[in-house]
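Each residue of the sequence shown is one higher than the one before, counting from 458 in our numbering. Okay, so here's the structure we're looking at.
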Amino acid sequence: MNPLQLPIASVDVSGNEERYVVDALRSSWISSAGAYIDRFEGEFARLVGGERVIAVTNGTVALHLALLAMSLEPGEEIIVPSFAYIAVANACRYVEAEPVFVDVDPKTWCLDPEQIERSITAKTRGIIAVHNYGHPANMGALAALARSRNLWLVEDSAEALGARYRGQPVGCLGAIGTFSFFANKIITSGEGGAIVLPSDGLEARIRQLRDHGKDPVRRYHFPVTGYNYRITNLTCAVLCAQLERLEAILARRKEIFDAYRGRLSEVPGISFQPVEAWAEQAPWMFNVVVDRAEYGRSAQDLASRLAEDGIETRPLFEPIHLQPPFAESARRRGGRFPMTEALSQSGLTLPTFNQLSIASIDRVAERVQHHRA
Ligand SMILES: *Cc1c(COP(=O)(O)O)cnc(C)c1O
């Protein structure tokens, strides 16, 4: 890496990853059974407080399996935030359900519980809460609403490993929690995902769907249409090594978040994702919001100037209700998304990865300060 080029993210496999992968290779358990899979599922369950964990191919299929477990009928509706990663809405379509978009809360950047009620119809079955950029959604309010309207609540915790809602780890606060271990997530195996269950009730069904729909006993008998969403022992070898360092990874990234906040809090026109008093945010990606009037430039303008400085940034999520596969149905349904649209226009992700030095953060902060017009 050119020391003057600062990427937005970078992978850190500096622990036992290589050793465990070699061990898995030499054991010849490289496919979808093996000690690292069992170890990872057990350790992850203890970590997030789940009764059962099922490791899967990636975070998107984790969502797909979660929704399959909810046995939806075609055309039924699921409440999702418009401000989120696209996989959340895509997974609804995989089960022929319709994602119904709701705006996010300025206090959390997650689903706004107060705006959900008016989007609930006779067809609504559930809510997917997404802990955007590691900040937990307001799970207390969402769970109360879900209970009163007889809806299920699924937590997409892909960005939020280590986050806590009122002291409790996210991922185990609803009916099902999902995680992703894609390369830029808090822990990674390149591709990978997990499903967390607060009880063992849905476990057998999800394991069956993950494994071609196969009967747990009778050979070559497949009672339901299933999928191959299995994870490999090689992948779980990497994940076991990553988990060993989770505490250190979270501490390092928190240091990065604190350093950015400390250096940028005095820059007029630059603000941050707020953190609720009840929340412990997982330090996933550090974001700033650029107030065009006060800063003197738009977020896009700042991004291209930082790119010239060799500093990679990324815009925040584009609203899902404006994406081509979803725009028409969202338009027909109406709904307003001022917060989603504002964040998408004015937000910017700064480089956030374990090895990011304080000197690099100093440089990013200095350039952000410098470009103010
Ligand atoms: C990354 C992410 C996903 C998708 O995970 P993959 O492992 O890339 O399939 C889903 N939801 C959210 C909120 C994510 O951030």
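The beta carbon of each residue, even a glycine, is placed where N, CA and C say it ideally should be.
| request: Enumerate, from N- to C-terminal direction, the unbroken beta strand (DSSP E) stretches of 3 or more residues contained entirely within the segment 737-820. | output: Those beta strand (DSSP E) runs which fall completely within the segment 737-820 and span 3+ residues are 743-747, 804-807.
| query | Do you know offhand how far Thr-682's Cα is from Leu-666's? | reply | Cα-Cα distance, rounded: 7 angstroms.
| said: I'd like the span of the beta strand (DSSP E) that includes Glu-500, first residue to last. | reply: Not the beta strand (DSSP E): Glu-500 falls in the alpha helix (DSSP H), residues 492-505.
| Nonlocal neighbours in the same chain, by C-beta distance under 7 angstroms from Arg-662, ignoring five residues either side | Same-chain partners within the cutoff: Ala-526.
| query | Phe-810 to Asp-672, Cα distance in whole Å? | reply | Rounded to whole angstroms, Phe-810 to Asp-672 spans 43 angstroms at the Cα level.
| said: Rounding to the nearest angstrom, what Cα-Cα distance links Pro-740 and Lys-711 in this structure? | reply: If I take the Cα positions, the gap works out to 6 angstroms.
| In terms of residues, what are the limits of the alpha helix (DSSP H) holding Val-479? | Membership of Val-479 in the alpha helix (DSSP H) is indicated by the continuous run 474-484.
| query | For Leu-602, does the three-state DSSP call read helix, strand or coil? | reply | For Leu-602, the secondary structure class from DSSP, reduced to helix, strand or coil, is helix.
| query | Are Lys-564 and Pro-731 close, meaning C-beta to C-beta below 7 angstroms? | reply | Here Lys-564 is near Pro-731, since their CB atoms are less than 7 angstroms apart.
| task | Could you check the C-alpha separation between Ala-512 and Glu-616 for me, to the nearest Å? | result | Just so you know, the alpha carbons of Ala-512 and Glu-616 end up roughly 16 angstroms apart.
| request: Report the partner residues of Ala-526 according to the DSSP bridge assignment. | output: Answer is none; Ala-526 lacks a bridge partner.
| query | How about Pro-538 and Leu-504: do their beta carbons lie closer than 7 angstroms? | reply | With respect to Leu-504, Pro-538 sits apart: the two C-beta atoms are not nearer than 7 angstroms.
| said: In whole angstroms, give me the CA-to-CA distance for Gly-647 and Val-627. | reply: Taking the straight line from one Cα to the other gives about 22 angstroms.
| said: Under 8 angstroms: do the segment 492-504 and the segment 693-705 share three or more Cβ pairs, one atom per stretch? | reply: Contact between the segment 492-504 and the segment 693-705 is present, because at least three Cβ pairs lie under 8 angstroms.
| message | Judging by CA-CA distance, which residue of Ser-576, Leu-630, Ser-605 is the nearest neighbour of His-588? | response | Among Ser-576, Leu-630, Ser-605, the Cα nearest to that of His-588 belongs to Leu-630.
| request: Might you give, ordered along the chain, the residues of its own chain that have their beta carbon closer than 7 angstroms to the beta carbon of Pro-531, omitting 5 neighbours on each side? | output: In the same chain as Pro-531, and ignoring 5 residues on each side of it, the C-beta atoms closer than 7 angstroms to its own belong to Glu-553, in chain order.
| If you run the structure through DSSP and keep just helix, strand and coil, what is Phe-714? | Shown here, Phe-714 sits in a helix according to DSSP, grouped into three states.
| message | Taking 6 angstroms as the cut-off, is the beta-carbon of Ala-548 closer than that to any non-hydrogen atom of ligand 1? | response | Result no, Cβ not under 6 angstroms from ligand 1.
| task | Return yes when the Cβ of Ile-465 is within less than 7 angstroms of the Cβ of Pro-772, no when it is not. | result | At the C-beta level, Pro-772 and Ile-465 stay beyond 7 angstroms of one another.
| task | Please check the pair Ala-651 and Phe-639, which I expect to be a contact at CB under 8 angstroms, by giving their CB distance rounded to whole angstroms. | result | Contact flag wrong, Cβ pair sits at about 12 angstroms.
| Do you know offhand how far Tyr-551's Cα is from Asp-668's? | Roughly 17 angstroms between the two C-alpha positions.
| message | Does the structure place the segment 470-483 close enough to the segment 603-617 that three or more beta carbon pairs sit under 8 angstroms? | response | The segment 603-617 is not in contact with the segment 470-483.
| Contact check, Tyr-684 vs Ile-818 under 8 angstroms by CB: the rounded distance? | That belief does not hold up - the Cβ atoms of Tyr-684 and Ile-818 are roughly 42 angstroms apart, past 8 angstroms.
| Close Cβ partners of Val-545 (< 8 angstroms) along its chain, the five nearest in sequence each way excluded | Scanning its chain for C-beta atoms nearer than 8 angstroms, with the 5 sequence neighbours on each side dropped, one finds around Val-545 the residues Leu-520, Val-537, Pro-538, Pro-556, Ile-585, Val-587, Asp-613, Ile-777, in chain order.
| said: Once DSSP output is grouped into helix, strand and coil, what is the label at Asn-685? | reply: In the three-state reduction of the DSSP assignment, Asn-685 falls in the strand class, which pools E and B.
| query | ligand 1 heavy atoms versus the CB of Asp-516: any closer than 6 angstroms? | reply | At residue 516 the sequence reads Gly, which differs from the Asp that was named. Yes, since a heavy atom of ligand 1 falls inside the 6 angstroms radius drawn around the Cβ of Gly-516.
| request: Out of Leu-691, Glu-534, Glu-475, state which residue places its alpha-carbon closest to the alpha-carbon of Ser-489. | output: It is Leu-691.
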